[in-house]
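Reading through the structure tokens given below for one structure.
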Amino acid sequence: MSDAQSIVIAIDGPSASGKSTNARIISAKLGYVYVDTGAMYRTLAWHALNQGTNVTDMAAVEALCREWPAKLVKRENSVWLEVDGYFPEQEIRSSEVSKVVSYVAQVPYVRKWMKERQRSCVDFGDLVMEGRDITSNIFPETPHKFYLDASADERQARRDADGIEENLAARDQRDSTRKTAPLVVADGALVINNSGESPQETSARIIALVENRKLG
Ligand code: DC
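According to the working numbering, the sequence shown holds residues 1281 to 1496 in order.
Right under this line is the structure:
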């Protein structure tokens, strides 16, 4: 299904490990399309809250997703899901959505739905895609696989600095232990611990590795 002509840089890692910041810098520098797959799960979680769906009821979440008329849209070099032309960019970052998103993300049908759409993003061009299962499940065939990490204290401090009240450890535990496509270090993924490193340094390291592989 992957378009052989599209280059995919796949980045996974736990919450606040710097995935989004680095993926944005890399996509801007290389002119690739940026895909934040966490935003896609957050958009469904936001929709579930709006609809009054019990997010811990897997059958109810599956039923909601089956009827969800969301579409992939590319704007300003990013791809996201819109419903009726609307992307709830601010709303999906709320602590309410953060608290429930990993329940929605553990539903097998939801993961299948997301996988089909995430793989189809190659139609938009070369990609920097970040999430929890991009290296292991969505694009395991790409040679450009990175697993970002940072110490638990530093990640919690980064989230606190964003002004979002959240216990990251509980969400990371759910994301790493769920049955379908849990967060793991995929075969062939390079682990980059960026504790104490600036995004400029981390992204420059990743770009250098990608450029070297493309030449090699
Ligand atoms: O990266 P984020 O914090 O915005 O992701 C929100 C949640 O979405 C995360 O707790 C787990 C889920 N997620 C996932 O299961 N698989 C992905 N590829 C991306 C996110």
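Every residue gets a Cβ at the ideal spot worked out from N, C-alpha and C, and that includes glycine. Here the structure is a predicted model, which means the values were calculated and not measured.
Could you tell me the alpha carbon to alpha carbon distance between residue i and residue j, rounded to whole angstroms?
{"i": "residue 1341", "j": "residue 1458", "result": "16 angstroms"}
{"i": "residue 1317", "j": "residue 1323", "result": "10 angstroms"}
{"i": "residue 1301", "j": "residue 1479", "result": "7 angstroms"}
{"i": "residue 1307", "j": "residue 1428", "result": "16 angstroms"}
{"i": "residue 1407", "j": "residue 1297", "result": "19 angstroms"}
{"i": "residue 1413", "j": "residue 1360", "result": "17 angstroms"}
{"i": "residue 1456", "j": "residue 1364", "result": "33 angstroms"}
{"i": "residue 1469", "j": "residue 1299", "result": "14 angstroms"}
{"i": "residue 1328", "j": "residue 1396", "result": "20 angstroms"}
{"i": "residue 1461", "j": "residue 1374", "result": "25 angstroms"}
{"i": "residue 1386", "j": "residue 1292", "result": "16 angstroms"}
{"i": "residue 1422", "j": "residue 1467", "result": "11 angstroms"}
{"i": "residue 1380", "j": "residue 1443", "result": "18 angstroms"}
{"i": "residue 1420", "j": "residue 1454", "result": "22 angstroms"}
{"i": "residue 1476", "j": "residue 1347", "result": "44 angstroms"}
{"i": "residue 1416", "j": "residue 1410", "result": "12 angstroms"}
{"i": "residue 1405", "j": "residue 1352", "result": "14 angstroms"}
{"i": "residue 1437", "j": "residue 1304", "result": "21 angstroms"}
{"i": "residue 1378", "j": "residue 1393", "result": "20 angstroms"}
Using 10 angstroms around the beta-carbon of residue i, count the other beta-carbons present and answer buried if the total reaches 16, otherwise exposed.
{"i": "residue 1294", "result": "buried"}
{"i": "residue 1290", "result": "buried"}
{"i": "residue 1331", "result": "exposed"}
{"i": "residue 1493", "result": "exposed"}
{"i": "residue 1319", "result": "buried"}
{"i": "residue 1309", "result": "exposed"}
{"i": "residue 1336", "result": "exposed"}
{"i": "residue 1388", "result": "exposed"}
{"i": "residue 1430", "result": "buried"}
{"i": "residue 1452", "result": "buried"}
{"i": "residue 1483", "result": "buried"}
{"i": "residue 1369", "result": "exposed"}
{"i": "residue 1285", "result": "exposed"}
{"i": "residue 1325", "result": "buried"}
Start and end of the alpha helix (DSSP H) containing residue i?
{"i": "residue 1434", "result": "1432-1441"}
{"i": "residue 1308", "result": "1299-1310"}
{"i": "residue 1448", "result": "1448-1457"}
{"i": "residue 1356", "result": "Run containing residue 1356: none; DSSP gives neither H nor E here."}
{"i": "residue 1335", "result": "Segment: none, residue 1335 is in no alpha helix (DSSP H) and carries neither H nor E."}
Could you tell me the boundaries of the beta strand (DSSP E) in which residue i lies?
{"i": "residue 1411", "result": "1407-1411"}
{"i": "residue 1315", "result": "1313-1316"}
Could you please give me the residues that DSSP links to residue i through a beta bridge?
{"i": "residue 1362", "result": "1351"}
{"i": "residue 1426", "result": "1291 and 1470"}
**Request:** Could you name each continuous alpha helix (DSSP H) segment of 4 residues or more that falls completely within the region 1365-1401, going from the start of the chain to the end?
**Result:** 1375-1384 and 1388-1399
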